[in-house]
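For reference, the structure discussed in these notes is given below.
2 protein chains.
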Amino acid sequence: MLNQLCLCAQIKSLNELRYTPAGLPVLTMWLTHESWQMELQQRFLAKMEIQAKALGDLAAHWPYQPGSMVEITGFLSQKGIYHSRPVLHIQQIREYKG
Amino acid sequence: MLNQLCLCAQIKSLNELRYTPAGLPVLTMWLTHESWQMELQQRFLAKMEIQAKALGDLAAHWPYQPGSMVEITGFLSQKGIYHSRPVLHIQQIREYKG
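Chains as they are written, first to last, in our numbering: chain W, 1013 to 1110; chain H, 1013 to 1110.
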């Protein structure tokens, strides 16, 4: 079932790289987004902060610094059993060059 | 700048139709989503509840009842100045037939 977010965003902050008990590298971060979207033929300023998560090699060899603009494709899932806020699980990422 | 979510979800609850001061119909709702996604070649159970919003004719002539499965395309924006949680602004919706 469909669950795909394509988002151009700025990396606001990166947390320390951590490892799961199974040894998987995990990097979490906050992204900020601001864009003009169309809603009922009017321009609407969409603004958002969202947490994102990279796993594995992408997390271990993370090439983007805070302030970088990136284009991400991924899926949303709640942060945890007791945290229903959605987190973006990064599947593809590249630098945004405008 | 890119901000597009494609989501298949179930309508959990619908709020009462309301109108903005300018007379625009607004319908807000909660959606639930559950799907298997691929993450590092493993299956991951993505689960989420997210608020969504329809405006205008779509809100005024809303055809879906709680329990309906729908496929939505839209963009994310924070709920308000003091509520940073993302809300899905519905641009396209259709019944999900599996």
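Think of the CB as a built atom: it goes at the ideal place given N, C-alpha and C, for glycine as much as any other residue.
Secondary structure note for residue 1036 of chain H: it is in no beta strand (DSSP E), with a DSSP letter that is neither H nor E. Inter-segment contact for the stretch 1015–1031 of chain W and the stretch 1074–1086 of chain W is present: three or more beta-carbon pairs are separated by less than 8 Å. Residue 1079 of chain W carries a coil assignment under DSSP once its states are collapsed to helix, strand and coil.
Here the stretch 1029–1048 of chain H makes no contact with the stretch 1060–1070 of chain W; the two share fewer than three CB pairs at distances below 8 Å. Classified as buried, residue 1098 of chain W has 16 or more neighbouring CB atoms from the shown chains inside 10 Å of its CB. Residue 1024 of chain H and residue 1023 of chain W have their C-alpha atoms roughly 32 Å apart. One alpha carbon belongs to residue 1072 of chain H, the other to residue 1048 of chain H, and they sit about 33 Å apart. Using beta-carbon distances, residue 1025 of chain W does not count as an interface residue toward chain H, since no partner is under 8 Å. The C-beta of residue 1016 of chain H comes closer than 8 Å to at least one C-beta of chain W. By the neighbour-count criterion, in which a residue is buried when 16 or more other Cβ atoms sit within 10 angstroms of its Cβ, residue 1096 of chain W is exposed. Shown here for residue 1079 of chain W: same chain residues with a beta carbon closer than 7 Å to its own, the five before and five after excluded, namely 1022 and 1023 in chain order.
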